[in-house]
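In the working numbering, the protein residues as written are 4 to 316. Inspection log for the structure reproduced underneath, given as structure tokens.
The structure is reproduced here in structure tokens:
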């Protein structure tokens, strides 16, 4: 017991190894990530400005997109500043508290995003498959409860793993990653992590449950679309959910690559870090532009009232 306390007192910070980048590429890589950060912030803030300045966007679909934008803003501010510092220094030092906080926020916001995407799937399912009942079901209170449920479900699913991680003793402070992902952090523990691994597995089931809900929703949506006789009608209906379908594919695809793999391949290599960049940098960057560039309603607002939007910004 004394030995464990000693080990824990020694480890008061973690070193994030990050990427192995040749020195002459560091300015370019930093510039790319920093530019991605700026564009992500600009795109998501633009969505918030559009939503709050236009009454025509006060609808469930745009309410969910607005909340997704807020999640993306939190998400990149949890990950990217630390990533940028690591690119410059070729490694990064974080206190144990800061590292564990980053890891918790990463999973809290990421899992909330899964459940929010499910809420958007349900919204599209009701709009396409039950259009007559849609206005009475998807009112403001329902939307608010769905968003609250997404946050609460995420919080509850990570409560037990977070409790166990906070009580770990660490023997090694070097993390082979550019952020404090749970797997690399737990591998540095001195103590038995069997119970923690079980709770982490149960927590990860939220990904599969969320994916199942999204898949089932789109099966019903595609089935309803296939019954529309006119080609023009099918295109028009599918256009209302195509942007969301693309985001769902990218988000779940990147997470599956990161976390669903055999036990013998649970270590982190450069390929895993590259996939993690897709999940932590590229996805939040693409989300606002996918939802705006492929949305005729938003394009019409931009064309009709560019001056008002500019003044609001």
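Virtual Cβ for every residue (Gly too), placed ideally from N, Cα, C.
Looking at the unbroken beta strand (DSSP E) that takes in residue 235, where does it start and where does it end?
Along the chain shown, read from residue 1 onward, the residue named residue 235 stands at position 232. Residue 235 -> not in any beta strand (DSSP E); alpha helix (DSSP H) instead, spanning 234 to 262.
At 4 residues or longer, what runs of the alpha helix (DSSP H) sit wholly inside the stretch 173 to 212?
Counting only runs of 4+ residues, the alpha helix (DSSP H) found wholly inside the stretch 173 to 212 occupies 185 to 189, in chain order.
Start-to-end residues for the beta strand (DSSP E) that takes in residue 98
By 1-based counting over the chain shown, the position of residue 98 is 95. DSSP places residue 98 inside the beta strand (DSSP E), whose first and last residues are 95 to 98.
Sort out for me which residues DSSP pairs residue 305 with in a bridge.
As a position in the chain shown, residue 305 is number 302, starting the count at 1. Answer is none; residue 305 lacks a bridge partner.
Name the two residues that bound the continuous beta strand (DSSP E) containing residue 16.
To locate residue 16, count along the chain shown from 1; it is residue 13. Start and end: 16 to 19.
Between which residues of its own chain and residue 46 is the CB-CB distance below 6 Å, once the five residues before and five after are set aside?
Start at 1 with the first residue of the chain shown, and residue 46 comes out as number 43. Correct list, in chain order: 291, 292.
Between the beta-carbon of residue 122 and the beta-carbon of residue 150, is there less than 9 Å?
Position 119 of the chain shown, counted from the first residue, corresponds to residue 122. Position 147 of the chain shown, counted from the first residue, corresponds to residue 150. Contact flag set, yes.
Using three-state DSSP, classify residue 62 as helix, strand or coil.
For the purposes of this step, residue 62 is taken as residue 59 along the chain shown, with counting starting at 1. Note: residue 62 maps to coil in three-state DSSP.
Is it buried or exposed for residue 165, if we count other Cβ within 10 angstroms and need 16 for buried?
Within the chain shown, numbered from 1, the residue matching residue 165 stands at position 162. Per the 10 Å Cβ criterion, buried.
Alpha carbon to alpha carbon, how far is residue 288 from residue 195? Give it in angstroms, no decimals.
Residue numbering aside, residue 195 sits at position 192 when the chain shown is read from its first letter. Residue numbering aside, residue 288 sits at position 285 when the chain shown is read from its first letter. Whole-angstrom Cα-Cα distance: 39 Å.
Cβ neighbour criterion (16 or more within 10 Å) applied to residue 8:
As a first step, residue 8 is located in the chain shown; it is residue number 5 there, counting from the start. Bear in mind that the predicted position of residue 8 carries a pLDDT of just 44, short of 50, making it too unreliable to give a figure here.
Can you tell me which of the three DSSP states residue 144 falls into?
As a first step, residue 144 must be located in the chain shown, where it is residue number 141. Note: residue 144 maps to helix in three-state DSSP.
Meets three-Cβ-pair contact criterion under 8 Å: the stretch 105 to 124 and the stretch 213 to 222
Yes, they touch.
Should residue 105 go down as buried or exposed, given a rule of 16 or more other Cβ atoms within 10 Å for buried?
Locating residue 105 in the chain shown gives position 102, where the first residue counts as 1. Residue environment: residue 105 is assigned as buried (16 or more neighbouring CB atoms within 10 Å of its CB, all protein chains considered).
Go ahead and label residue 306 buried or exposed: buried means 16 or more other beta carbons lie within 10 angstroms of its beta carbon, across all protein chains shown.
In the chain shown, residue 306 corresponds to position 303, counting from 1. Flag for residue 306 reads exposed.
Taking residue 280 as part of the alpha helix (DSSP H), name the residues at either end of that continuous run.
Position 277 of the chain shown holds residue 280. Its alpha helix (DSSP H) spans residues 273 to 280.
Could you tell me the boundaries of the alpha helix (DSSP H) in which residue 48 lies?
Taking the first residue of the chain shown as position 1, residue 48 is located at position 45. Bounds of the alpha helix (DSSP H) holding residue 48 are 29 to 56.
Could you tell me whether the stretch 156 to 171 touches the stretch 87 to 97, where touching means 3 or more Cβ pairs closer than 8 Å?
Taking a contact to require three or more Cβ pairs closer than 8 Å, the stretch 156 to 171 and the stretch 87 to 97 do not qualify as touching.
In its own chain, which residues sit with a C-beta less than 8 Å from the C-beta of residue 24, not counting the 5 before and 5 after it?
Working through the chain shown from its first residue, we reach residue 24 at position 21. Result list for residue 24: 32, 90, 93, in chain order.
One question on the structure: do residue 180 and residue 114 come within less than 9 Å of each other, judged by their Cβ atoms?
The count along the chain shown starts at 1 and reaches residue 180 at position 177. The count along the chain shown starts at 1 and reaches residue 114 at position 111. No Cβ-Cβ contact shorter than 9 Å links residue 180 with residue 114.
Can you tell me whether residue 267 is buried or exposed, with buried defined as 16 or more other CB within 10 angstroms of its CB?
Position 264 of the chain shown holds residue 267. Any reading at residue 267 must be qualified, since the residue scores a pLDDT of 45, below 50, and its modelled position is unreliable; no value is offered.
Taking the straight line between their C-alpha atoms, what separation do you get for residue 211 and residue 39?
As a first step, residue 211 is located in the chain shown; it is residue number 208 there, counting from the start. As a first step, residue 39 is located in the chain shown; it is residue number 36 there, counting from the start. For residue 211 and residue 39, the distance between alpha carbons rounds to 29 Å.
Rounded to a whole number of angstroms, what is the C-alpha to C-alpha distance between residue 29 and residue 20?
Against the chain shown, residue 29 aligns to sequence position 26. Against the chain shown, residue 20 aligns to sequence position 17. In this structure, the alpha-carbon of residue 29 lies about 15 Å from that of residue 20.
Does the stretch 222 to 234 come within contact of the stretch 138 to 147, defined as at least 3 CB pairs closer than 8 Å?
Taking 8 Å as the limit for Cβ pairs, the verdict is that the stretch 138 to 147 does not touch the stretch 222 to 234.
Close beta carbons around residue 95, own chain, < 8 Å, minus the five adjacent residues each side
For this step, residue 95 is matched to residue 92 along the chain shown. If we look at residue 95 and ignore the five residues flanking it on each side, its Cβ neighbours are 18, 19, 21, 85, 88, 89, 181.
Three-state secondary structure (DSSP) at residue 171?
Taking the chain shown and counting its residues from 1, one reaches residue 171 at position 168. If DSSP states are grouped into helix, strand and coil, residue 171 belongs with coil.
Which two residues bound the contiguous alpha helix (DSSP H) that contains residue 291?
Position 288 of the chain shown holds residue 291. Following the DSSP letters along the chain, one finds residue 291 inside the alpha helix (DSSP H) bounded by residues 286 to 296.
For residue 35, count the other beta carbons within 10 Å of its own beta carbon; 16 or more makes it buried, fewer makes it exposed. Which is it?
For the purposes of this step, residue 35 is taken as the residue at position 32 of the chain shown. Only exposed fits residue 35, as fewer than 16 other CB atoms lie within 10 angstroms of its CB.
Would residue 175 pass as a contact of residue 14 if the rule is Cβ separation under 9 Å?
Taking the chain shown and counting its residues from 1, one reaches residue 175 at position 172. Taking the chain shown and counting its residues from 1, one reaches residue 14 at position 11. Yes.
Pick helix, strand or coil for residue 164, following the three-state DSSP scheme.
Mapped onto the chain shown, residue 164 falls at position 161. Note: residue 164 maps to helix in three-state DSSP.
Compare the beta carbon distance of residue 243 and residue 53 with 9 Å and say whether it is the shorter of the two.
The sequence position of residue 243 within the chain shown is 240, counting from 1. The sequence position of residue 53 within the chain shown is 50, counting from 1. No.
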